[in-house]
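Below you'll find the structure, written out as structure tokens, and then a few comments.
There are 2 protein chains.
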Amino acid sequence: MARPTPLSGFPEWLPDGRLVEQHVLDTLRRTFELHGFAGIETRAVEPLDQLLRKGETSKEVYVLRRLQEDADADADAQDPGRRLGLHFDLTVPFARYVLENAGHLAFPFRRYQIQKVWRGERPQDGRFREFVQADIDVVGAGALPYHYEVELPLVMADALAALRPIGMPAVRILVNNRKVAEGFYRGLGLTDVDAVLRSIDKLDKVGPEVVAELLAAEAGATGAQAEACLALAEVRGDDAGVVDRVRALAAEHGATTDLLEEGLAELGALVAAAAERAPGVVVADLRIARGLDYYTGSVYETVLVGHEELGSICSGGRYDTLASDGATTYPGVGLSIGVSRLVSRLLGAGLVRATRSVPSAVLVAVTSEDRRGRSDAVAAALRARGVPVEVAPSAAKFGKQIRHADRRGIPYVWFVGEDGAEGQSAADQVKDIRSGEQVPADAGTWTPPAEDLWPRVVPSRRADGPVGPSAERPTALA
Amino acid sequence: MARPTPLSGFPEWLPDGRLVEQHVLDTLRRTFELHGFAGIETRAVEPLDQLLRKGETSKEVYVLRRLQEDADADADAQDPGRRLGLHFDLTVPFARYVLENAGHLAFPFRRYQIQKVWRGERPQDGRFREFVQADIDVVGAGALPYHYEVELPLVMADALAALRPIGMPAVRILVNNRKVAEGFYRGLGLTDVDAVLRSIDKLDKVGPEVVAELLAAEAGATGAQAEACLALAEVRGDDAGVVDRVRALAAEHGATTDLLEEGLAELGALVAAAAERAPGVVVADLRIARGLDYYTGSVYETVLVGHEELGSICSGGRYDTLASDGATTYPGVGLSIGVSRLVSRLLGAGLVRATRSVPSAVLVAVTSEDRRGRSDAVAAALRARGVPVEVAPSAAKFGKQIRHADRRGIPYVWFVGEDGAEGQSAADQVKDIRSGEQVPADAGTWTPPAEDLWPRVVPSRRADGPVGPSAERPTALA
Numbered sequence: 001m002a003r004p005t006p007l008s009g010f011p012e013w014l015p016d017g018r019l020v021e022q023h024v025l026d027t028l029r030r031t032f033e034l035h036g037f038a039g040i041e042t043r044a045v046e047p048l049d050q051l052l053r054k055g056e057t058s059k060e061v062y063v064l065r066r067l068q069e070d071a072d073a074d075a076d077a078q079d080p081g082r083r084l085g086l087h088f089d090l091t092v093p094f095a096r097y098v099l100e101n102a103g104h105l106a107f108p109f110r111r112y113q114i115q116k117v118w119r120g121e122r123p124q125d126g127r128f129r130e131f132v133q134a135d136i137d138v139v140g141a142g143a144l145p146y147h148y149e150v151e152l153p154l155v156m157a158d159a160l161a162a163l164r165p166i167g168m169p170a171v172r173i174l175v176n177n178r179k180v181a182e183g184f185y186r187g188l189g190l191t192d193v194d195a196v197l198r199s200i201d202k203l204d205k206v207g208p209e210v211v212a213e214l215l216a217a218e219a220g221a222t223g224a225q226a227e228a229c230l231a232l233a234e235v236r237g238d239d240a241g242v243v244d245r246v247r248a249l250a251a252e253h254g255a256t257t258d259l260l261e262e263g264l265a266e267l268g269a270l271v272a273a274a275a276e277r278a279p280g281v282v283v284a285d286l287r288i289a290r291g292l293d294y295y296t297g298s299v300y301e302t303v304l305v306g307h308e309e310l311g312s313i314c315s316g317g318r319y320d321t322l323a324s325d326g327a328t329t330y331p332g333v334g335l336s337i338g339v340s341r342l343v344s345r346l347l348g349a350g351l352v353r354a355t356r357s358v359p360s361a362v363l364v365a366v367t368s369e370d371r372r373g374r375s376d377a378v379a380a381a382l383r384a385r386g387v388p389v390e391v392a393p394s395a396a397k398f399g400k401q402i403r404h405a406d407r408r409g410i411p412y413v414w415f416v417g418e419d420g421a422e423g424q425s426a427a428d429q430v431k432d433i434r435s436g437e438q439v440p441a442d443a444g445t446w447t448p449p450a451e452d453l454w455p456r457v458v459p460s461r462r463a464d465g466p467v468g469p470s471a472e473r474p475t476a477l478a
Numbered sequence: 001m002a003r004p005t006p007l008s009g010f011p012e013w014l015p016d017g018r019l020v021e022q023h024v025l026d027t028l029r030r031t032f033e034l035h036g037f038a039g040i041e042t043r044a045v046e047p048l049d050q051l052l053r054k055g056e057t058s059k060e061v062y063v064l065r066r067l068q069e070d071a072d073a074d075a076d077a078q079d080p081g082r083r084l085g086l087h088f089d090l091t092v093p094f095a096r097y098v099l100e101n102a103g104h105l106a107f108p109f110r111r112y113q114i115q116k117v118w119r120g121e122r123p124q125d126g127r128f129r130e131f132v133q134a135d136i137d138v139v140g141a142g143a144l145p146y147h148y149e150v151e152l153p154l155v156m157a158d159a160l161a162a163l164r165p166i167g168m169p170a171v172r173i174l175v176n177n178r179k180v181a182e183g184f185y186r187g188l189g190l191t192d193v194d195a196v197l198r199s200i201d202k203l204d205k206v207g208p209e210v211v212a213e214l215l216a217a218e219a220g221a222t223g224a225q226a227e228a229c230l231a232l233a234e235v236r237g238d239d240a241g242v243v244d245r246v247r248a249l250a251a252e253h254g255a256t257t258d259l260l261e262e263g264l265a266e267l268g269a270l271v272a273a274a275a276e277r278a279p280g281v282v283v284a285d286l287r288i289a290r291g292l293d294y295y296t297g298s299v300y301e302t303v304l305v306g307h308e309e310l311g312s313i314c315s316g317g318r319y320d321t322l323a324s325d326g327a328t329t330y331p332g333v334g335l336s337i338g339v340s341r342l343v344s345r346l347l348g349a350g351l352v353r354a355t356r357s358v359p360s361a362v363l364v365a366v367t368s369e370d371r372r373g374r375s376d377a378v379a380a381a382l383r384a385r386g387v388p389v390e391v392a393p394s395a396a397k398f399g400k401q402i403r404h405a406d407r408r409g410i411p412y413v414w415f416v417g418e419d420g421a422e423g424q425s426a427a428d429q430v431k432d433i434r435s436g437e438q439v440p441a442d443a444g445t446w447t448p449p450a451e452d453l454w455p456r457v458v459p460s461r462r463a464d465g466p467v468g469p470s471a472e473r474p475t476a477l478a
């Protein structure tokens, strides 16, 4: 077999990169659990008709076929209700899981879900065909109070803040509200709300003049209506002033409606709570239009400060109908972190690194193959007290065994005491191969310093700011 | 959308079942890391020609196609080097990863890998189309000493022993060695070793008389040769006596060869080490023939005691050529735990349960929606000290809020002190809803007892044996 080459769009990490990804996943999981979210995992596949239910062919679904299935002979294989595809997000499977298990779940149901998803799109920087998402959602049976739309982005703010000590940049969570946009546009007299949103969504790309033309052509807007829509899109801020500015703009254009006022009350509550609980993180940005065509209330996007061109690393919003079985409607609100996009930037930009590439804190040297059992016994004694350890692969010269540890970043090498002439054994010794210091040690009591016990994930560039030992966290399960 | 029904062969768990699975995964991961294995994750797909390289069509590979790909117009779609399939195990992807990254890995390379795999087989009890495997392997560049064939099953014995406290039955790891079998058969004069192995593999199903006929028909064995093969298959034991019995049998039938002696030395070393480090767990069983056609040394299968009909939950062996790039050959030895099979039995047989279905130890009650911010602040203070907590969904009557906690198994409900008439607040109170005991509490200092902090995974049936509190482990990241 010739040396294989990577598949574009299917990222994989070397062991030290995987340590960084695993640390990110552990940190997210722990934060979600501290906030009372229960973890679930769904199968990777869904019936194709469910995946395509909302016309999601733009997601480029991967369809499965068993190799030995005779497609021509099997009419079922062409039936979208029988064909299976890989899920392209965790929302469609979660909605299905809720309907399937509604009788066994207690609502409002808080769940997190961390899994791979697949999209057959053209790979680009930060856009993969296989990637990991970390989602949280709260779903209600029949009703879901607005306060969850305040809570969920703050959970994500907490989760992302927990990654700052390893060298992740600050984040900014941009929020908007469907009711504000729709209430304002309808107040102006524009009834094709989705057409307005599609035009506004192009603002960053084509600029205000072209958007004004689009608003006229696509949504039938007059010059004054287009001007008002563009003025709304300029409103941005992290305090109650945002609500005042929108309200004044609506009054100026005679665009005040009950729906607008409802939306502003919600947006104001979110901004106020965020100012207290995650100052500077949440920003109301009325230009955000992506997702407002399917979300029914709040909508969220998140940028890494200094890496805005990467696109959103955490998005979501409120659905009045996440799922429905006819008898009951299940509204939900949730956000999804693009873990692979985030980790690939952390690694690719050299922001974060692992202190070593293997779990072992100690390599137990082997004096001779006959005495390997003694080295194994030392390793077992250390592991029993929670010290990760491996035994040298061969009874090579000690210099070679030390190089074996050094190449992996293993900080300590353990030497088992030699048998003496009169049946007495010399004491074991342990060497810190960084300093060269070697001291007598007992496998029943010796423990490495806490910072050496497990590989840690730390900022790569000390120049990014002051980083003390408290900023470093162990990467393995404690 | 009508209520969906489960897909046969694609298991999913309710949140309390997922807690059990997550605990199993965390425990395996921790054990693997204590033994110095580095975690990696590979993409879910491999080129179809790689998946089919060893004629593995029996594994019923799932082939992928992008929905919008025009299969007829695209000749590439028919080229097995361009088509992608879902991996059916973690060995093929690991071999590819080693070749692709050989320049960046230090050998011998110890890795663990815990991921889903897919096989389009007919679903049965314990046999799924999508399931999780947990693999460990050591791979060398050019050479790999035998002692790893002793070490790896003992790592798995350690990992599976770490699950005993939650109620998992004991395991028995059955081992055999290709060199023993092949050396013995060749010593007898039987040259079609694979035909002998295929016949012996049917022993449990069809019995010795039919196998004797098969050996004659398929491998050209005489009556005496068949008798010797069947006698070898009867040898079983967990001490050095096994080696003596095989050696005596070979002498009796004139079947002694250098290859047999080499295999017996290996098998003897494994049994001796196991007797010391995991007494009673590892059993040499010369009847094991599955896998001996592709493994080149040791081979392992593992049964759950009392659940033998479930089949092996942890299998593997030694490959002299796990991978090769022409210049270098990479031998390896590894084992794979069928996590889904194991967890589905633990849950299905009611052996194991989680103490609650949500992470939260505390529900903070809400007195009125106006005062939700105070409940949020209490929750934040508790979380900052590592207590998992959620806030009540609505300011319902306290009785209803307590029932909300009770339904989820949340043990504590927190009541925020009311403002007094003169601007003084009464102290907060926390109620253990199991005992009804309610005491004053401060969110800056109160902590629940350790056994209530996180959901725990515990044996379901106390009747299975004496189980003390020390047998119960937290299920979340500490």
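Chains as they are written, first to last, in UniProt numbering: chain X, 1 to 478; chain Z, 1 to 478.
Note that CB positions come from ideal geometry on N, CA and C, so glycine has one too.
Computed from a prediction, not measured in an experiment: that's the story for all the values here.
(message) Below 8 Å, how does it come out for the segment 191-209 of chain X and the segment 249-263 of chain X: are there three or more Cβ pairs, yes or no?
(response) no
(message) Nearest by alpha-carbon distance to R247 of chain X: which of X:L230, X:A265, X:D238 is it?
(response) X:A265
(request) Quick one: list the residues of chain Z neighbouring F398 of chain X, beta-carbon separation under 8 Å, in chain order. (result) What F398 of chain X touches in chain Z: nothing, since even the nearest Cβ is about 18 Å away.
(request) To the nearest angstrom, report how far apart R3 of chain Z and L25 of chain Z are at their CA atoms. (result) 31 Å
(request) Please list the partners that R407 of chain Z has in chain X, where partner means a Cβ-to-Cβ separation under 8 Å. (result) A106
(request) Output the distance between the C-alpha atoms of V283 of chain Z and T191 of chain Z, rounded to the nearest integer angstrom. (result) 28 Å
(request) Using the Cα positions of A278 of chain Z and V150 of chain Z, report the straight-line distance between them to the nearest angstrom. (result) 11 Å
(message) Measuring straight from C-alpha to C-alpha, what distance separates A269 of chain Z and V333 of chain Z?
(response) 16 Å
(message) With a threshold of 8 Å between beta-carbons, can residue 552 of chain Z be considered close to chain X, or not?
(response) Look at the range of chain Z in this structure, 1 to 478, and you will see that residue 552 of chain Z is not part of it.
(request) Tell me, please, whether the segment 125-145 of chain Z touches the segment 108-117 of chain Z by the rule of three or more beta-carbon pairs shorter than 8 Å. (result) yes
(request) Locate the alpha helix (DSSP H) running through K54 of chain X, then write down its first and last residues. (result) Counting along the chain, K54 of chain X falls outside any alpha helix (DSSP H), and DSSP gives it neither H nor E.
(request) Report yes if the C-beta distance between Q225 of chain X and L249 of chain X is below 8 Å; otherwise report no. (result) no
(request) Output yes or no for whether 8 Å exceeds the beta carbon distance between L197 of chain X and A289 of chain X. (result) yes
(request) Compare the C-beta of T42 of chain Z with all C-beta atoms of chain B and state if any pair is closer than 8 Å. (result) Of the protein chains in this structure, namely X and Z, none is chain B.
(request) Could you please give me the residues that DSSP links to A134 of chain Z through a beta bridge? (result) Z:I114, Z:I337
(message) Using 8 Å as the cut-off, can you tell me whether the segment 433-443 of chain Z makes contact with the segment 8-27 of chain Z, which would need three or more C-beta pairs spanning the two stretches below that distance?
(response) no
(message) Along the chain, where does the alpha helix (DSSP H) containing F94 of chain Z start, and where does it finish?
(response) 91-101
(request) Could you tell me the boundaries of the alpha helix (DSSP H) in which G373 of chain X lies? (result) 372-384
(message) I believe V389 of chain X touches V362 of chain X by the beta-carbon criterion, under 8 Å. Please report the beta-carbon distance rounded to the nearest angstrom.
(response) 4 Å
(message) Between which two residues does the beta strand (DSSP E) holding P169 of chain X run?
(response) No beta strand (DSSP E) contains P169 of chain X, which DSSP labels as neither H nor E.
(request) Mark R403 of chain Z as exposed unless 16 or more other C-beta atoms lie within 10 angstroms of its C-beta, in which case mark it buried. (result) exposed
(request) Please specify which runs of the alpha helix (DSSP H), each continuous and at least 4 residues long, are wholly inside the segment 246-300 of chain Z, giving them in chain order. (result) 258-277
(message) Any beta carbon of chain Z sitting closer than 8 Å to that of R3 of chain X?
(response) yes
(request) Go to A441 of chain X, then tell me how far its alpha helix (DSSP H) extends in each direction, as first and last residue. (result) Note, A441 of chain X: premise wrong, no alpha helix (DSSP H); beta strand (DSSP E) at 438-441.
(message) Once the 5 residues before and after R119 of chain Z are set aside, which same chain residues still bring their CB inside 7 Å of it?
(response) K59, E60, F88, R129
(request) Name, please, each residue of chain X whose Cβ falls closer than 7 Å to the Cβ of P165 of chain Z. (result) Ordered by position in chain X, no residue passes the 7 Å Cβ test against P165 of chain Z, which lies about 15 Å from the chain.
(message) Please report the distance separating the alpha-carbon of G39 of chain Z from that of L346 of chain X.
(response) 19 Å
(request) Report back the beta-carbon spacing between L152 of chain Z and L335 of chain Z to the nearest angstrom; my notes put them in contact at under 8 Å. (result) 6 Å
(request) Determine the contact status of V292 of chain X and A161 of chain X, defining contact as a CB-CB distance below 8 Å. (result) The residue asked about is misnamed: residue 292 of chain X is Leu in this sequence, not Val. Against a cut-off of 8 Å, the Cβ pair of A161 of chain X and L292 of chain X comes out as no contact.
(request) Identify, in the order they occur along the chain, each residue of the same chain with its Cβ nearer than 8 Å to the Cβ of Y412 of chain X, setting aside the five sequence neighbours on each side. (result) A361, V362, L363, A405, V430, K431, D432, I433, P448, D452
(request) Would you kindly work out how many angstroms separate the C-alpha atoms of G263 of chain Z and N176 of chain Z, rounded to a whole number? (result) 9 Å
(request) Determine the extent of the alpha helix (DSSP H) in which R408 of chain Z is found, giving its start and end residues. (result) 398-408
(request) Give the interface partners of E390 of chain Z over in chain X, defined as CB-CB distance under 8 Å, in chain order. (result) H35, G36, R110
(request) Please name the residue in X:A384, X:G326, X:T31 whose C-alpha comes closest to that of residue 530 of chain X. (result) Here chain X covers residues 1 to 478 and nothing more, so residue 530 of chain X does not appear.
(message) I need the boundaries of the alpha helix (DSSP H) containing G317 of chain X, first residue and last residue.
(response) Run containing G317 of chain X: none in the alpha helix (DSSP H); it sits in the beta strand (DSSP E), 314-324.
(request) Find the nearest neighbour of G17 of chain Z within the set Z:E276, Z:S357, Z:K397, judged by alpha-carbon distance. (result) Z:S357
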